[in-house]
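Report on the following structure.
In the numbering used here, the protein residues as written are 5 to 253.
What follows is the structure, encoded as structure tokens:
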């Protein structure tokens with residue numbers, strides 16, 4: 005498994021990815037699990053994949069890997085960056101067998117992980133006197149933002165006073181705006197659910213803006229929550245199963 009994370013200048017992000025992958029290895033000790041990062045630090049995914057080839061056959065024959073995006077939504081990185089990496093590697097090593105897993109989200113296990121983090125922040129999921137703002141990084145890809153909005157819509161029907169989506173960049177509303185709007189609407193309590201894998205610039209920015217706007221609590225990023233580790237394993241198994249079925253046809 006070659007896990008592909010976004011990457012960050014903040015060292016907490018790489019440490020969180022390492023912690024998550026340790027949890028994955030515990031669940032699947034039979035699978036070599038290697039980290040890689042699209043931005044801000046080695047190793048890059050193509051370097052990791054080339055390293056696998058060097059450890060195996062020179063032309064890639066007999067070497068197989070699942071490339072697994074540690075991304076919460078399907079947007080530019082999963083639709084353009086990662087396919088571009090795979091195309092370059094395949095052009096150099098045409099007999100290297102690469103399978104691409106789906107992004108982590110959307111999935112009910114991520115919802116469960118969000119609820120776990122909210123509970124750790126002292127928030128009972130679905131509390132009728134509490135409004136929740138689900139905050140993601142945001143994307144220029146409208147479908148990625150719609151994934152987060154759909155999660156807020158589902159939560160609105162699960163007992164919360166209200167639920168809204170917000171985005172740290174590239175789209176609106178911004179977290180502080182969403183918190184302020186819920187306060188103005190009369191919400192007795194407003195909390196923020198951080199739909200981020202790891203801490204970094206955006207999570208710090210979101211927390212500061214949300215608390216300044218009147219949020220009562222901000223949950224930590226999903227990180228190495230058990231549900232996230234389990235989801236990584238599932239995405240890996242799904243990718244291998246799809247590859248086997250395609251070969252059998």
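In this text, a Cβ means the ideal position worked out from N, Cα and C, and glycines have one as well.
Across the set 240, 185, 140, 184, the C-alpha of 140 shows the shortest separation from the C-alpha of residue 174. Secondary-structure assignment with DSSP links residue 131 through no beta bridge to anything. Residue 24 and residue 208 have their C-alpha atoms roughly 20 angstroms apart.
As far as DSSP is concerned, residue 80 takes part in no beta bridge. With fewer than 16 other Cβ atoms from the protein chains shown falling within 10 Å of its own Cβ, residue 43 counts as exposed. The straight-line gap separating the alpha-carbon atoms of residue 17 and residue 132 is approximately 33 angstroms. Note: residue 72 is bridge-paired with 7 in the DSSP secondary-structure output. The three-state secondary structure of residue 41, taken from DSSP, is strand.
Counting along the chain, residue 216 sits inside the alpha helix (DSSP H) bounded by residues 205-216.
Scanning 236, 249, 248 for the CA closest to the CA of residue 6 turns up 236.
For residue 13, the closest C-alpha among the options 190, 203, 87, 158 is that of 203. Three or more Cβ pairs drawn from the segment 152-169 and the segment 187-198 lie within less than 8 angstroms of each other, which places the two stretches in contact.
Inter-segment contact for the segment 207-221 and the segment 106-119 is absent: fewer than three beta-carbon pairs are separated by less than 8 angstroms.
In this structure, 178 is the residue among 187, 152, 192, 178 with its C-alpha nearest to the C-alpha of residue 213.
Per DSSP, reduced to three states, the secondary structure at residue 67 is coil, with no helix or strand assignment. Taking 8 angstroms as the upper bound for CB-CB distance, residue 71 and residue 104 are in contact here, some 5 angstroms apart.
Contact between the segment 144-157 and the segment 75-84 is present, with at least three C-beta pairs closer than 8 angstroms. Straight-line measurement puts the Cα of residue 91 at about 33 angstroms from the Cα of residue 155. In the three-state reduction of the DSSP assignment, residue 251 falls in the helix class. Residue environment for residue 180: buried (at least 16 other C-beta atoms within 10 angstroms of its C-beta). Straight across, the Cα-Cα distance linking residue 36 with residue 29 is about 8 angstroms.
With respect to residue 124, residue 224 sits close: the two C-beta atoms are nearer than 8 angstroms. Annotated three-state conformation of residue 222 is strand, per DSSP.
Using a Cβ distance threshold of 8 angstroms, residue 48 and residue 56 do not count as a contacting pair.
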